[in-house]
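Residue numbers are given in this note's numbering: position 21 of the sequence shown equals residue 21, and the series is strictly consecutive. Beta carbons: idealized from backbone N, C-alpha and C, even for Gly. All values reported here derive from a predicted model rather than from experimental measurement. Data block below; observations after.
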Amino acid sequence: MGDKMVENGSWGWRQLWRRVSLRLRRSWIFRLLSRWVEQRTGKWSSARRLYYGFLSDAFEREFRAVAAGRTLYFAGFRGEKSSYSLRRNIHRLEKGLVARSRRATFGLDFIEDTVIGFEDLIDAFHGERQFTSEVIWARDVLRRYFSSVEQNQKLKLLEERFEVLAGRTTGGQSRPSAPFIRDQGSLISISDLYGLAVQRRSVRSYLPVPVPRGLVDRAMEVALQSPSACNRQPFIFRVFDRPKDARQIAAVAAGTISFLDEINSIIVVVGRLRAYAGERDRHAIYVDASLAAMAFVLGLEVQGVGSCVINWGDDTEREWRINKMLALEPDERVIMMISYGWPDLKIAVPFSAKRGVKESRSFEILSRGRSTICDADY
Numbered sequence: 001m002g003d004k005m006v007e008n009g010s011w012g013w014r015q016l017w018r019r020v021s022l023r024l025r026r027s028w029i030f031r032l033l034s035r036w037v038e039q040r041t042g043k044w045s046s047a048r049r050l051y052y053g054f055l056s057d058a059f060e061r062e063f064r065a066v067a068a069g070r071t072l073y074f075a076g077f078r079g080e081k082s083s084y085s086l087r088r089n090i091h092r093l094e095k096g097l098v099a100r101s102r103r104a105t106f107g108l109d110f111i112e113d114t115v116i117g118f119e120d121l122i123d124a125f126h127g128e129r130q131f132t133s134e135v136i137w138a139r140d141v142l143r144r145y146f147s148s149v150e151q152n153q154k155l156k157l158l159e160e161r162f163e164v165l166a167g168r169t170t171g172g173q174s175r176p177s178a179p180f181i182r183d184q185g186s187l188i189s190i191s192d193l194y195g196l197a198v199q200r201r202s203v204r205s206y207l208p209v210p211v212p213r214g215l216v217d218r219a220m221e222v223a224l225q226s227p228s229a230c231n232r233q234p235f236i237f238r239v240f241d242r243p244k245d246a247r248q249i250a251a252v253a254a255g256t257i258s259f260l261d262e263i264n265s266i267i268v269v270v271g272r273l274r275a276y277a278g279e280r281d282r283h284a285i286y287v288d289a290s291l292a293a294m295a296f297v298l299g300l301e302v303q304g305v306g307s308c309v310i311n312w313g314d315d316t317e318r319e320w321r322i323n324k325m326l327a328l329e330p331d332e333r334v335i336m337m338i339s340y341g342w343p344d345l346k347i348a349v350p351f352s353a354k355r356g357v358k359e360s361r362s363f364e365i366l367s368r369g370r371s372t373i374c375d376a377d378y
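As structure tokens, this is what we get:
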């Protein structure tokens, strides 16, 4: 027949549907209907549902990844040495502990799940004595919590259970990994920080000299101090520092053809939707990963390593290629790529004039429930 068959010798429903839908989409009637509906998506909610539900698969990959992430979230993390739900709950306890008007007792609706999650996390180490910072942080915050709230019978039982678990942990910093009074001073000035921001430019010409992995890890340590919603940090930086691999991966992204041969190392920043229970947080992977990426490239810059953040668009063919190449999990989405290396200082970099402050910022107040610009001090 010449047609490719699925492994069991029969047509799979998915393959069949793809072929049928592809032929349908190529028909002139379909294109005409799609264009007519698309032009009305901005005005009619029914047109939006019709277009994105049946005529366009533009959001299909996001739908699939969000659904897969929810499934993984509710399935739990047993056996893994990290837990997004535990990280969230420990962060919630910290927020309660630092509240100016702290309640005598709080967190009763999730403290039991938190202790259970802490137990599952410790069990994942199977008797190992080298615990991660996540374990130490959870232990220290839980200890601070139980010593700070008014006890009741439920809390007393949970504290006893927790202390048994805490006794199985060792290590930690000289200062507990729990809420503390921060220092007022700053190590650098705003002028220094601005100077670093101006110095950093997108570098697309690199010397053929490897960057030590230790420098990358130092920049990663900086990146991991970035803010993250509920401290989940739902991303991973996948580093490829073998030149032929880096170029093969970079070739999948758009806009790299002009400097592809210059790339010796590249990072694929991947978000994990398994960190969230609901669809409302589906954009958090982009926010958190981008905050970390900015700190990361600044961490490279101060060590003399140039970088270039490479945009990643939601393109069907490119998504398919990168998913296959990296064997991404169903809930994982590529956020961006970052090429890096020792900059060739003989080659110019783009000036890239930035927008002015007044074009990028507005001071506003609420007047009768609506925002209005207010440039004057009040």
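Given this structure, state the Cα-to-Cα distance separating residue i from residue j, to the nearest angstrom.
i	j	result
S45	L273	27 Å
S367	R361	19 Å
M268	C374	For the record, residue 268 in the displayed sequence is Val; it is not Met. Each residue's alpha carbon lies about 42 Å from the other.
D261	A246	10 Å
L142	D120	15 Å
Y84	R282	14 Å
I188	D217	22 Å
R161	A284	34 Å
S177	L207	41 Å
K154	I116	14 Å
Y145	K156	12 Å
K43	I365	30 Å
L158	S186	40 Å
A138	A166	10 Å
K358	D377	15 Å
R49	R175	54 Å
A219	Q130	24 Å
D140	A275	22 Å
F74	L224	25 Å
G195	Y286	26 Å
E279	L345	46 Å
D183	G107	28 Å
K354	P179	38 Å
S133	D109	25 Å
T114	A67	24 Å
A229	A293	15 Å
F63	Q233	21 Å
G127	L193	44 Å
S147	K324	50 Å
Confirm, please, whether the CB-CB distance from residue j to residue i is below 8 Å.
i	j	result
V270	F235	yes
I257	M337	no
A124	K81	yes
L291	P227	yes
I322	V334	yes
L72	F118	no
A65	D288	no
F259	S191	no
R70	A277	yes
E319	R61	yes
I122	T169	yes
V222	G341	no
R238	L326	yes
G255	N311	yes
State yes or no: is the C-beta of residue i nearer than 7 Å to some heavy atom of the ligand FAD?
i	result
M336	The ligand FAD is not part of the structure shown, which contains no ligands of any sort.
Using a Cβ-Cβ cutoff of less than 7 Å, which residues in the same chain neighbour residue i once the five nearest sequence positions on both sides are dropped?
i	result
P350	R201 and S202
V297	R200, S307, V309 and I338
I181	none
Within the same chain, show all residues whose beta-carbon is closer than 8 Å to that of residue i, passing over the 5 residues directly before and after it, in chain order.
i	result
E163	none
F363	I373, C374 and D375
E150	A104 and T105
L215	L300, Q303 and V305
S352	R201 and S202
Between residue i and the rest of its own chain, which residues show a CB-CB distance below 6 Å, the 5 nearest in sequence each way excluded?
i	result
N231	R87 and H91
P243	N264
R370	none
I347	S205
D241	S265
N89	F110 and T114
P343	V203 and G306
- Task: Flag this pair as touching only if the region 184-201 and the region 238-252 have three or more C-beta atom pairs under 8 Å; answer yes or no.
- Result: no
- the region 87-107 contacting the region 302-318, beta-carbon criterion three pairs below 8 Å: no
- Item | Touching by the beta-carbon criterion (3+ pairs, under 8 Å), the region 206-217 and the region 313-320 | no
- Item | Continuous alpha helix (DSSP H) assignments of at least 4 residues falling wholly in the region 183-264 | 190-199, 213-223 and 243-250
- Message: Give the list of continuous alpha helix (DSSP H) stretches no shorter than 4 residues that lie fully inside the region 89-155.
- Response: 111-123 and 133-148
- Task: Within the region 260-317, note down every full alpha helix (DSSP H) run reaching 4 residues or more, in order along the chain.
- Result: 284-301
- Query: In chain order, which continuous runs of the alpha helix (DSSP H) of length 4 or greater are located wholly inside the region 328-361?
  - Reply: 357-360
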